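Notes to accompany the following structure.
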């Protein structure tokens, strides 16, 4: 599904990713862990196509096509969903309007008929239960006045609506209390299917108690320095990131 | 030829014209209007047609707009426009009482009577000033001829416009809509003088639609004086939709008494040069003023919103939000002055001006000002000039919305903050739609407009 | 409330601490201004011809100019013929060692807290002391010279480094830039000159201390600071004047030029005599301060604490010419009694990726008028530029005024300019809260005002910050009504 080969990327001239290799197959859950500044969020944003990040080398193949050639919206419509670490507030853009446009863009891309307002509202209501979303939130402007937890729930709610092939959860656990964490994780798990893959980017192990990964990768100084099964996360929790740092000569 | 000579010539031209038509103006007008004329013209000559050297016109040089050899319409002409057609210019689901101002002259809607309550007068300023002079005691008391040459020129040439009177405690349910049309075979200079008197406890909504009906050069110089009595409530909407060769100089003065509430909305969709002067004087305690403005400019269009709020009484509140979206080579200006006079304690005054520049050729100049002479006040202003938020744009695109559409959404959202303040729901929907069309680059014409002008 | 008023009155009527007059012999020329006076000043200073020409050009242009009237100030007419344009302490133009300095002068500066003896001085500050129109002593000159730094009086610079002066004089503030700058260019008598060579970080704070002493004189000093590539200097300026019933004119010019990657921090604590509580006397302070960030990635920051002067007319500005250059303006302006201030900044963005910040805190009390006036202009080619301005006003009673007049002009789509301004009253609940915790009103106001101004005070070098805090307290305590 996703193949990253020797990927280098920089921001404002500073090299952050220094040769990432990663393959994600359908249905797999990959966790990417690493200390602050290791390049986790950069990787997530590069995959989503953020323009501030310059890819200087390497390739990313998604469903057999060159991903890096595509605009952010094409990637989204091809099935890549990024759950943002800091979902942006957009005053003046109503949630419903935003979601309907987004859903219908995805449908057009798949050759499906656009939903009418009524059909869309029905779909929205179905998906809202999944993450315990309140209508009071969907009646607002995009992310405006949402608490940290509500913003993250809103991301998962959108994921439910858009049914992506690959979901990238960028620090979805940050700023969540344990209940909100469970709700978000339940939402993610409910959407699990043999076709849908997930990349969980996180600093801490605790989210992985709820979203169990098939593989755990440790990203350090722009490279994946260790890959193993879910036990790696526990090992990391125990030994801390200093372990990785010392193993890598720092 | 030096600029100075040009300017002198230009003023001379208007002086010559005034001298030429003076007798006719005096002969045909009421005493009330005539009383101010000569003094006003002197003040116009003294101040001259404003250039950028005039601090109040720092960002708008009006001289080029006064260059053409305009035709002046000093007498009421037989209507040339088919009013039946004109009055189709309605807003769906909005039941309004319609009237027309054509090249500065007021025409009653004879086809539909409307549902104005007893005692309410919607008529021509010219005739009311002759028939009911007692209603115009306060004429020219707000519009100060010494402070603005355009107000002076208007007062010198003033003959007609609309007059609205809402007696004590009368609530006008259906909004009053005034269609303001400019149409002539020649380049035309139009002077329009309006007067709105809303007595204690009365309530009214007024919608003013400015249109031009062909591509000639127009200069419209209008002055409106609005008086809101104790506890009166007025909503005043101005929709400006003219063409690139039209200059619209629009001065509105409002006097607010105790507990009154006045809201002004100005939506500038099209126009070659638009200058809106808006002055609120909060003269009674607990008065509330709200001012909203939005402008969407492209080509070489220019918009200048010049607002002043004078907090002359304690416990008043004023609020301003002005937004501009400037595309291509358009230019925008905003000057907003909040003046809290001594002893106007417990004043709350807020002002915001946000601008989006869509190209490197567009420019924006903004000049918010606070003059505060009382201490127990909360006043603030903010101004921004920038672009669409790239973070938000990326967020939308990451959800599969294509870039153009995402930009459009962001621009609509930018404008929506102002649009949402429109209380008349059908009008709000209509303006939302017009704004959306405008932002898409389509001609923002009303559905039913009979005039298929390419303006 | 009555108690509060009383405290306020007591404090507001606190005497100006620096109002004494020093009895020294002064060489003062006759009142009046004409070309002969200018030639006389130039001759007394033994200036080369280019300086005389500079002065004459300025004077001739000044004659054709008018006093600016756009500021929110009531300026009484000034009789420029009733002022003496040159006054200097008599004993020799410059002292080689401290022993030669008139003991009265040393005493004066000691009283002002500016010791001229290097060993007594707080380490790390070199001082150029200017009394009336003439620099009397520059400390630490030799230490600085070791690093190639030139720090001396302007007169000395004209003699010793004429090429540098000729190259940079009038580059930031042209001779006829404005009415007062033109006047200054014609008659300025002295001031400080500073040159930091390539790659040098000035090891100590440089400081000029200005003092008006003689009566019926104006003070017209001129400061020129040039920071060559990759250099850095922090510069301080302080000023006081005796209490006199008549108004005295101070029209200074400060020019700063920064070349590639150079940085200049310029801090001012302005405490000219503000006049008495009835508005009698005080300095008219009409100052032009401008820096040009000529080099790429260079930086100029202005920090000012303005508490003195009867009238202040002053807009320290930055012309951001070099790509990636940075301008900053941080100001606290306090007005009390009948003081008037119209002050702010101009940020002109010419180079790409230029950034500027304006933070202005106005505090008004008494019957004073306090205005912020500023211009942020982004030229069409200054792409990706940024400005953020924050202008806050605090009103301490209902007889003063606080005004804000920003001008913003943006000419390209990739720049972002943001301006915010607020005006509010000092919080009675805050004072009450302090009272309730046992803090008296006087102290509370001092605390609140200092807190309000902290953002700016923090930008000042340490010793200055302490002095500025005290000054704020003295200028304002008890002004709440």
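Chains as they are written, first to last, in the working numbering: chain X, 547 to 796; chain C, 9 to 463; chain Z, 278 to 758. Even for Gly, the Cβ is constructed at its ideal location relative to N, Cα and C. Quick caveat, the model's predicted, so the values are computed rather than measured.
| query | result |
| --- | --- |
| Beta-ladder partner(s) of residue 345(C), from DSSP | 316(C), 377(C) |
| Interfacial residues, the stretch 235-267 of chain C to chain X, with Cβ spacing under 8 Å | none |
| Residue 412(C) versus residue 395(C): straight-line alpha-carbon distance, rounded | 14 Å |
| Residue 571(X), buried or exposed, once every other Cβ within 10 Å from all chains shown has been counted against 16 | exposed |
| Cut-off 8 Å between Cβ atoms - residues of its own chain near residue 639(X), not counting five sequence neighbours on either side | 687, 688 |
| Which of helix, strand or coil DSSP assigns to residue 367(C) | coil |
| Counted within 10 angstroms of its Cβ, other Cβ atoms place residue 725(X) as buried (16 or more) or exposed | exposed |
| Opening and closing residue of the alpha helix (DSSP H) in which residue 465(C) lies | Residue 465(C) is absent from the structure shown; chain C starts at 9 and stops at 463. |
| Pair within 8 Å by beta-carbon distance, residue 120(C) and residue 106(C) | yes |
| The alpha helix (DSSP H) enclosing residue 673(X), as first and last residue numbers | 663-676 |
| Under 9 Å (Cβ pairs) to chain C, residues found in the stretch 627-638 of chain X | 627, 628, 630, 632, 633, 634, 635, 636, 637, 638 |
| Closer than 8 Å to chain C by CB, residue 663(X) | no |
| Option in 115(C), 198(C), 147(C), 212(C) with minimal Cα separation from residue 104(C) | 212(C) |
| Cutoff 8 Å: residue 421(C) Cβ touching any chain X Cβ | yes |
| Spatial neighbours of residue 687(Z) in its chain, beta-carbon cut-off 6 Å, leaving aside the 5 residues before and after | 655, 694 |
| Inter-stretch contact (C-beta, 8 Å, three-pair minimum) for the stretch 701-714 of chain Z and the stretch 410-426 of chain C | no |
| Contacting positions in the stretch 694-705 of chain Z - beta carbon closer than 7 Å to chain D | The structure shown has no chain D; the protein chains it does contain are X, C and Z. |
| Distance, residue 573(X) Cα to residue 740(X) Cα | 4 Å |
| Proximity winner among 628(Z), 433(Z), 623(Z), 455(Z), relative to residue 634(Z) (alpha-carbon distances) | 623(Z) |
| DSSP beta-bridge partners of residue 705(X) | None, per the DSSP bridge assignment. |
| Per-residue DSSP class, three states only, for residue 330(C) | strand |
| Residue 361(C) beta carbon less than 8 Å from that of residue 376(C) | yes |
| Top-ranked residue by Cα proximity to residue 453(Z), from 334(Z), 551(Z), 406(Z), 384(Z) | 334(Z) |
| Neighbour list for residue 680(Z) in chain C, Cβ cutoff strictly below 7 Å | 378, 379, 380 |
| Residue range of the unbroken beta strand (DSSP E) whose run includes residue 680(Z) | 678-687 |
| Residue 646(Z) burial status per 10 Å Cβ neighbour count (16 or more: buried) | buried |
| Proximity test, Cβ basis, 8 Å: residue 743(X) and chain C | no |
| Residues that DSSP places opposite residue 391(C) in a beta bridge | 361(C), 696(Z) |
| Residue 449(C): contacting residues in chain X (beta-carbon distance under 7 Å) | Simply none; closest approach about 19 Å. |
| Sequence-distant residues of its chain with Cβ nearer than 6 Å to residue 601(X) (five each side left out) | 555, 614 |
| The stretch 301-335 of chain C: positions lying closer than 7 Å to chain Z by Cβ | none |
| Exposure of residue 649(X), with buried meaning 16 or more beta-carbon neighbours within 10 Å | buried |
| Cutoff 8 Å: residue 386(C) Cβ touching any chain Z Cβ | yes |
| Sheet register partners of residue 577(X) (DSSP bridge) | 746(X), 762(X) |
| Residue 358(Z) burial status per 10 Å Cβ neighbour count (16 or more: buried) | exposed |
| Contact with chain X by residue 433(C), beta-carbon distance below 8 Å | no |
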